Amino acid sequence: MNVYVHIVFLFLSTGFSFSDNVHQNPPNMYKNPEEKAKITCSHNITPKVILWYKQLKNRQIQFLGHMVDKRGFLLKGLDEDVTIDGDANKDQNCTLTINSVSVSSSAVYFCAASYHSATYH
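Residue numbers (mature numbering (1 follows the signal peptide of the UniProt record, and there is no 0)): -19 to -1, 1 to 102.
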């Protein structure tokens, strides 16, 4: 018996005009359990922060992590084998990778771009 995991991607942008663009690629995918899934977020804005979210069917949206410039940060205690890498700067790509998909990976994933306002030490 084959089990396929369906992953759908959506994007959000906050605080931008309609001429600003944030894109996720691919728009959706099907994967077998234990395969790797990569979702890329690209944009033409200067947000400094890319945020990643996941929503399981009939559940609340879950924050997965974010990228500031070229540094990815995952939510502590995340029970899924994911990584965030790339570059959050304008005209660059930020990638969310699910290293081994499972049935619980079947969800809608959101990429959001936001202006960075906090100072990190």
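We treat Cβ as the ideally placed atom computed from N, Cα and C, and that holds for glycine. On a predicted model such as this, the values are computed, not experimentally measured, just so you know.
Between the CA atoms of residue j and residue i - distance to the nearest angstrom
i, j, result
"Thr27", "Lys71", "5 Å"
"Lys35", "Thr21", "14 Å"
"Lys12", "Tyr96", "33 Å"
"Leu59", "Ala69", "21 Å"
"Asn74", "Val30", "12 Å"
"Ser86", "Arg40", "13 Å"
"Asn2", "Trp33", "16 Å"
Where residue i falls: helix, strand or coil (DSSP)
i, result
"Val82", "coil"
"Asn6", "strand"
"Asn13", "coil"
"Val89", "strand"
"Thr27", "coil"
"Lys51", "coil"
Environment of residue i [buried if 16+ CB atoms lie within 10 Å]
i, result
"Phe91", "buried"
"Gln5", "buried"
CB-CB length for residue i against residue j, believed under 8 Å
i, j, result
"Asn45", "Ala88", "Strictly speaking, residue 45 in this sequence is Leu, with Asn absent from that position. The pair is not a contact, with the Cβ atoms about 10 Å apart (cut-off 8 Å)."
"Pro14", "Val84", "7 Å"
"His47", "Ala94", "In fact, because the Cβ distance is near 10 Å, the residues do not count as touching under 8 Å."
Residue i CB to nearest heavy atom of the ligand SAH below 7 Å
i, result
"Ala94", "Ligands displayed in this structure: none; no statement on the ligand SAH is therefore possible."
Stretch-stretch touch, CB-based, cutoff 8 Å, three pairs: the segment 54 to 67 with the segment 77 to 93: Yes, they touch.
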